[in-house]
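Enquirer: With this note's numbering applied, the sequence shown covers 77 to 540. Starting off with a structure, shown below.
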Amino acid sequence: MERDLFLNLSPLDHRYYVSNRALFNQLAEFFSENAYIHYELKVEAALANVLAKRGLCSPAVACEIVHACEQVEPAEVYQEEEKTKHNIRALVNCIQRRVSSEAKPFVHFTTTSVDIMDSATALRFKEATLQVVLPKMLELESILIALARREKATLQVGRTHGQHAVPLTFGFAMAEYVSRLGSRIETVSKAAQELRGKIAGAVGAYNASSLFFDDPLEFEAEVLRELGLKPANYSNQIVEPEYLTDYIHGIISAFGVLANLADDIRHLQRTEIGEVGEAFEATQVGSSTMPHKRNPWNFEHVKSMWKEFMPRMITMYADQISEHQRDLTNSASGRFVPEIVIGFVAAVDRMTRVMQKLVVDQERMLQNFDSTKEMVIAEPIYILLASLNHPNAHEAVRLLTLESQKTGKTLRQLVNENEELAPYLNKLTPKQLEILNNPEKYIGHAEQKTEQLCDEWQQRLGIN
Numbered sequence: 077m078e079r080d081l082f083l084n085l086s087p088l089d090h091r092y093y094v095s096n097r098a099l100f101n102q103l104a105e106f107f108s109e110n111a112y113i114h115y116e117l118k119v120e121a122a123l124a125n126v127l128a129k130r131g132l133c134s135p136a137v138a139c140e141i142v143h144a145c146e147q148v149e150p151a152e153v154y155q156e157e158e159k160t161k162h163n164i165r166a167l168v169n170c171i172q173r174r175v176s177s178e179a180k181p182f183v184h185f186t187t188t189s190v191d192i193m194d195s196a197t198a199l200r201f202k203e204a205t206l207q208v209v210l211p212k213m214l215e216l217e218s219i220l221i222a223l224a225r226r227e228k229a230t231l232q233v234g235r236t237h238g239q240h241a242v243p244l245t246f247g248f249a250m251a252e253y254v255s256r257l258g259s260r261i262e263t264v265s266k267a268a269q270e271l272r273g274k275i276a277g278a279v280g281a282y283n284a285s286s287l288f289f290d291d292p293l294e295f296e297a298e299v300l301r302e303l304g305l306k307p308a309n310y311s312n313q314i315v316e317p318e319y320l321t322d323y324i325h326g327i328i329s330a331f332g333v334l335a336n337l338a339d340d341i342r343h344l345q346r347t348e349i350g351e352v353g354e355a356f357e358a359t360q361v362g363s364s365t366m367p368h369k370r371n372p373w374n375f376e377h378v379k380s381m382w383k384e385f386m387p388r389m390i391t392m393y394a395d396q397i398s399e400h401q402r403d404l405t406n407s408a409s410g411r412f413v414p415e416i417v418i419g420f421v422a423a424v425d426r427m428t429r430v431m432q433k434l435v436v437d438q439e440r441m442l443q444n445f446d447s448t449k450e451m452v453i454a455e456p457i458y459i460l461l462a463s464l465n466h467p468n469a470h471e472a473v474r475l476l477t478l479e480s481q482k483t484g485k486t487l488r489q490l491v492n493e494n495e496e497l498a499p500y501l502n503k504l505t506p507k508q509l510e511i512l513n514n515p516e517k518y519i520g521h522a523e524q525k526t527e528q529l530c531d532e533w534q535q536r537l538g539i540n
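In structure tokens form, the structure reads like this:
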């Protein structure tokens, strides 16, 4: 009888699986225990093929082993491990019981357990990245590019320290994430391509394979080429951990970009700001007791997922350390690494869905800007006065802002009434005066920079 889904202990395997079955089933092809064992079997099969090519065994023997590797099931391996108390020896036993006496000696020939395990790990993370992780990231990047282009001229007040600053455009604000996510896509892609395997034996010195080959390093490279991998630059019993550490760093840093975007968008949904909105379905409920509520729960969920998985990077750094040629202090922690990628991809997918339907309230953005537009021109006034050699422009404008707050007069009104400033104002160009009289035009190069960034990342990432 199939196990009740809700008896599973990890939220990834019940709550989040149920909410996105298609994605989690796709990820299971790489990150489930079934997948891990099948990837280990792929390495054993590649080994047999190269042994045959090099004349150590016959092609018929290699075919036997490859066929056996295609038949072994994970449940059988786990059952065998109950006897052996060793996972790879159990895997080897399951292969050997399916092949002839002639083929048995060449199963797992010259290799150690971690040759198989680390190569399988590199292969499944690399293939998962190429087939799922990067396509999902690129899909979100495309949506952000489209959003930035669409809103490139939408006036929005800039905010620093939670306070109104000078104006920009909402498209420019989104271009930040176009650029940051774009760079993370490149980082993850490069790190995935750098994931390495090993066929170097018990301590990495090719002790066993050098008994049979004058070029054991080339033998290692041949086996890994069968899998589309490169050998680690150096191995002891394990592959240098930095390859996987760098890859997970790329994932976690990309997760940070998502969390920052999610935070920005959810704060823009605050009642007193109300500049964007998460699209709500007709039957969706925001609160169990307050029917009017429309909470930014998807963005909060992404932030929460980041909080769960980001600290696991510390464990990755801890797993860089292995005593002498190898110890088993990463044997348990290493099994949880796929969850980091799974959580990240689930968050990317969620952000893609909600950002695609994001409601932008341009009118509310304008209202919010209008509420402080008479103050935000303090910067251009100060800069222009300084350019005309006013001896203390910043202080002069600061004092006028205080007077504006006290008297209720606008800053522009006070500036125009100030006799000391009149000689400087008379020197302003028509373009500069237009900015002072129309603060909404003080957006600098926001539109052009937005287009530039969108064009650049579209080209760099090959997005149509």
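We treat Cβ as the ideally placed atom computed from N, Cα and C, and that holds for glycine.
What does the Cβ neighbour count give for E354, buried or exposed, with the cut at 16 atoms within 10 Å?
Expert: Its Cβ being crowded by 16 or more others within 10 Å, E354 is buried.
Enquirer: Express the C-alpha separation of W373 and N110 in angstroms, rounding to a whole number.
Expert: C-alpha separation (whole angstroms): 33 Å.
Enquirer: Going by DSSP in three states, R130 sits in which element: helix, strand or coil?
Expert: In the structure shown, R130 sits in coil (DSSP, three-state: anything other than H, G, I, E or B).
Enquirer: Would a C-beta distance cut-off of 7 Å place I511 and S218 closer than the cut-off?
Expert: The answer is no: Cβ separation not under 7 Å.
Enquirer: Between the alpha carbons of Y93 and G247, how many angstroms are there, rounded?
Expert: Roughly 34 Å between the two C-alpha positions.
Enquirer: List the residues that DSSP assigns as beta-bridge partners of L214.
Expert: Looking at the DSSP assignment, L214 forms no beta bridge with any residue, so it has no partner.
Enquirer: Assign S364 to buried or exposed, taking buried as 16 or more other Cβ atoms, counted over all protein chains shown, within 10 Å of its Cβ.
Expert: Bear in mind that the predicted position of S364 carries a pLDDT of just 44, short of 50, making it unreliable; the figure below should be weighed with that in mind. S364 comes out exposed.
Enquirer: Could you say which of N406, V452 and L257 lies nearest to H240 if we only look at CA atoms?
Expert: Selected option, being the one with the closest Cα: V452.
Enquirer: Where does V233 fall in DSSP's three states?
Expert: In this structure, V233 counts as strand in the three-state DSSP scheme.
Enquirer: Among residues of its own chain, excluding the 5 on either side of A121, which ones have a beta-carbon nearer than 7 Å to its beta-carbon?
Expert: Only I141, V142 and C145 meet the Cβ criterion.
Enquirer: Measuring alpha carbon to alpha carbon, tell me which of K485, V279 and K525 ends up nearest D403.
Expert: Cα-wise, what sits closest to D403 is V279.
Enquirer: Can you have a look at I397 and say buried or exposed, based on whether 16 or more other CB atoms are within 10 angstroms of its CB?
Expert: Per the 10 Å Cβ criterion, exposed.
Enquirer: Which class does Q432 belong to by DSSP, given the choice of helix, strand or coil?
Expert: Correct three-state label for Q432: helix.
Enquirer: Is V264 helix, strand or coil by DSSP?
Expert: DSSP places V264 in helix when its eight states are reduced to three.
Enquirer: By Cβ distance below 6 Å, which residues in the same chain neighbour L334 in space, the five residues on each side in sequence not counted?
Expert: If we look at L334 and ignore the five residues flanking it on each side, its Cβ neighbours are V378, A423 and M427.
Enquirer: Can you give me the Cβ contacts of A251 inside the same chain, cut-off strictly under 6 Å, excluding the 5 residues immediately before and after it?
Expert: Cβ within range, chain order: A224, T526 and L529.
Enquirer: State the Cα-Cα distance for the pair R174 and G131, rounded to the nearest angstrom.
Expert: Whole-angstrom Cα-Cα distance: 22 Å.
Enquirer: Using 8 Å as the cut-off, can you tell me whether the region 491–504 makes contact with the region 273–289, which would need three or more C-beta pairs spanning the two stretches below that distance?
Expert: Touching, no.
Enquirer: Measure the alpha-carbon distance for E302 versus A338 and round it to whole angstroms.
Expert: Those two C-alpha atoms are separated by around 41 Å.
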